[in-house]
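To convert, note that position 180 of the sequence shown is 181 in this note's numbering; the numbers rise steadily by one, no gaps. For each residue, glycine too, the CB sits at the ideal point set by N, CA and C.
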Amino acid sequence: MKTISMIILLGFTVVTLAQPLFTLDFEADSIGEFPSRWTSKNEEDMRMVYFVREEDGNRFLRGDAGGLSVQIGFKTEWELEKYPYLNWKWRAVTLPEGSDEHEKSGNDNALGLYVVFGGWPIPKNIKYIWSETLPVGTELPSPFTSRTKMLVLRSGEDNIGEWVEEERDVLEDYRRLFGEPEATPTARGIGILTDSDNTDTEAVGDYDDIRILPKREE
């Protein structure tokens, strides 16, 4: 996504000056196709749910769940102590009706972005979500596993249909959510999940410009 004017208007000068460890965008991917650098355990359905779209010359990832739940991932490693900040843009298009992340039967999201950590047999995860109903700032474990902690960044119809930029200090979130104030974990990857299998409704959302940024001088 071309963001220079947006960043200047919103005052994100510090972000643009910081050199990202990497940026995940979709400019090099083919329109209508699954993005080349991403993978999923569900190879059959991943191409049905996720595909690249283009608007105004910008390419981005569309997730259209259609009653499915397919998580995709980008495998990479980085040290959170050196690169604690995660910055990205997303846009909610259709929220799953009747969702409630407290319950397995309602745990669906138009937008879910994961940071994946180590751990066996189930890795730890932080999942940043756009919830249909839960208030912004809500922190809760996944109803499927306590090793995934969820944090509501956006809620309901506010800003729906609009690109929204997010930034999180993932190291700070990890220490707080997992109760490990001295932890210095290594991140193992990024995950994306737009799903509507539990509510059997529709969920649609867009993702772009996922960046890992370094620690800032105080």
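With distances taken from CA atoms, which of Leu172, Ala204, Ala188 and Leu87 is nearest alanine 19? Leu87
If you drop the 5 nearest sequence neighbours on each side, which residues of the same chain put their C-beta closer than 6 angstroms to that of leucine 22? Hits under 6 angstroms: Trp79, Tyr84 and Ile213.
Go ahead and label asparagine 160 buried or exposed: buried means 16 or more other beta carbons lie within 10 angstroms of its beta carbon, across all protein chains shown. exposed
For isoleucine 211, is the classification buried or exposed, using 16 other Cβ atoms within 10 angstroms of its Cβ as the cut-off for buried? Burial of isoleucine 211 is indicated by the presence of at least 16 other C-beta atoms within 10 angstroms of its C-beta.
By the three-class DSSP mapping on this structure, what secondary structure does arginine 60 have? strand
List, from N- to C-terminal side, the beta strand (DSSP E) runs of 3 residues or more that fit wholly inside the stretch 18-71. 23-25, 51-56 and 59-65
For valine 117, which residues of its own chain have a beta-carbon under 6 angstroms away from its beta-carbon, when the five flanking residues on both sides are left out? Pro124, Asn126, Arg189, Gly190 and Gly192.
Helix, strand or coil at tyrosine 84 [DSSP, three-state]: coil
How far does the alpha helix (DSSP H) with glutamate 173 in it extend, from its first residue to its last? 171-178
Below 7 angstroms between beta carbons: does that hold for glutamate 82 and threonine 185? It is a contact, given that the beta carbons lie within the stated cut-off.
Where glycine 99 falls: helix, strand or coil (DSSP): coil
Is it the case that the Cβ atoms of glutamate 28 and arginine 48 are separated by a distance below 7 angstroms? no
Using a Cβ-Cβ cut-off of 6 angstroms (strictly less than) and excluding sequence neighbours within five positions of isoleucine 130, which residues of its own chain qualify? Asn110, Gly113, Met151 and Val153
Excluding the five sequence neighbours on either side, which residues of its own chain have a C-beta within less than 8 angstroms of the C-beta of glycine 107, listed in chain order? Gly99, Ser100, Asp101, Asn199 and Thr200
How many Å lie between glutamate 44 and valine 94 at the Cα? Near 24 angstroms, if we compare the C-alpha coordinates of valine 94 and glutamate 44.
For proline 122 and serine 197, what's the separation of their Cα atoms in angstroms? 26 angstroms
Decide if glutamate 56 is buried, meaning its Cβ has at least 16 other Cβ atoms within 10 Å, or exposed. exposed
Residues sharing a beta bridge with threonine 202, DSSP: In DSSP, threonine 202 forms no bridge with anything.
Quick check on this structure: which residue in Gly119, Leu135, Val50 and Arg63 has the alpha carbon closest to the alpha carbon of serine 70? The residue with the shortest Cα to Cα distance from serine 70 is Val50.
Which residues DSSP lists as bridging isoleucine 73, in chain order: Ile193
How is the beta strand (DSSP E) around glutamate 140 delimited, first residue to last? 140-142
In or out: lysine 42 buried (at least 16 other Cβ within 10 Å) or exposed? exposed
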